[in-house]
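**Q** Numbering (our numbering), first residue to last: 81 to 324. Cβ atoms here follow ideal geometry from the backbone N, Cα and C, with glycine treated the same way. The structure presented is a predicted model; accordingly, all values stated were derived computationally and were not measured.
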Amino acid sequence: MPGYILHLTEAKLVTEGLIRRGISVPWEDGWQEHFALGALLPDTKRKKEKIASHFWDPEDVRQDKIALAPDLERFENLYREKMRGPGCWGYWTHLHLDTLYVHRFWPHNFEFQDEEGRIQDRGRVIRYVKLANQPRLLPVESFFSNDYYYGDYTRMNDYFSRKYNLSVPEFHEEEWMDFPVREVHPEELKDVLRELSFLIDQVKPGSEKELKVFSLPQIEAFIRETAEVAAEKIASCVWKNETK
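1) When we look at the beta-carbon of V141 and count the other beta-carbons within 10 Å, is it buried (16 or more) or exposed?
2) Three or more C-beta pairs closer than 8 Å, one from the region 149-160 and one from the region 94-101: is that the case here?
3) Less than 8 Å separating the beta-carbons of L117 and P249?
4) Report yes if the C-beta of F302 is less than 7 Å from at least one heavy atom of the ligand ZN; otherwise report no.
5) Hey, quick one: how far does the alpha helix (DSSP H) through K243 stretch, first residue to last?
6) Rounded C-beta distance between G170 and F115? I'm assuming under 8 Å.
7) Drop a sphere of 10 angstroms on the beta-carbon of I146, count the other beta-carbons inside from all chains shown, and report buried for 16 or more, exposed for fewer.
8) Whose C-alpha, out of L86, G167, P150 and L180, is nearest the C-alpha of W111?
9) Return helix, strand or coil for L211, following the three-state DSSP convention.
10) For a quick check, are the C-beta atoms of G83 and Y239 less than 8 Å apart?
11) Using DSSP's beta-bridge definition, name the partner residues of Q193.
12) Out of C317, I314 and F294, which one is the CA nearest neighbour of M81?
13) Where does W136 fall in DSSP's three states?
14) Note down, in chain order, each residue of its chain lying with its Cβ closer than 7 Å to the Cβ of A307, except the 5 sequence neighbours on either side.
15) Consult DSSP for P297 and reduce its assignment to one of helix, strand or coil.
16) Reducing DSSP to helix, strand and coil, say where K145 ends up.
17) Should F223 go down as buried or exposed, given a rule of 16 or more other Cβ atoms within 10 Å for buried?
18) Which two residues bound the contiguous beta strand (DSSP E) that contains R218?
19) Do the region 121-128 and the region 215-230 touch if we need at least three Cβ pairs shorter than 8 Å?
Written as structure tokens, this is what we have:
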């Protein structure tokens, strides 16, 4: 899934998209920071706890699917009547990006194969990964490593941080006492924000030129397009529901 920096970039683009639409946002001053924090909240949970915070289908987890996408409809059905405030919509934006990332971005960039070269979607039988930008196959354990997939996220951090002028949002626990999404605990954002501060402090200028898995123009275009879709969706819901 996208890392903290990409989710923070997406959140900033969505908030800019809402403002650009020229409609007065019915939220208090500082709502952009609340939105950004909401967009980081699902990742306060780790490993198996993400089944709940990301609204993954338990059956997909049981079957060991390699690409787990949030069930956005289930989230919306559960919290539709409580979706008020920028934190909630930031949370939705995180799930929305993850959903499109799995269903639209991954299939155009990676192909997972078993020992016989057949396309597979279950982790236990996948042995190789075929990248769209190179002919040779990678062992799956090499792909999911700091040399390739995870390392590319780190190598992109400087580019996105600088271009979109990202900063670590401030968290004030008392402002999150009534957050309605029960699958997370907002106070756990403190750990995520510490990690995010470290990532921003450790960026290496120019490292985006060393990407091995991703195409920078392609993933940036995807992030921007997804943000526009999200902003349009949020605008159509927020001003209808929260200005009554």
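**A** Taking the coordinates as given:
1) exposed
2) no
3) yes
4) The model depicted lacks the ligand ZN and carries no ligand whatsoever.
5) Y229 to K243
6) 4 Å
7) buried
8) G167
9) strand
10) no
11) I199 and Y208
12) F294
13) strand
14) E90, L93, V94 and G97
15) helix
16) strand
17) buried
18) The amino acid at residue 218 is misidentified as Arg; the sequence shows Leu. L218 -> beta strand (DSSP E) spans L217 to P219.
19) no
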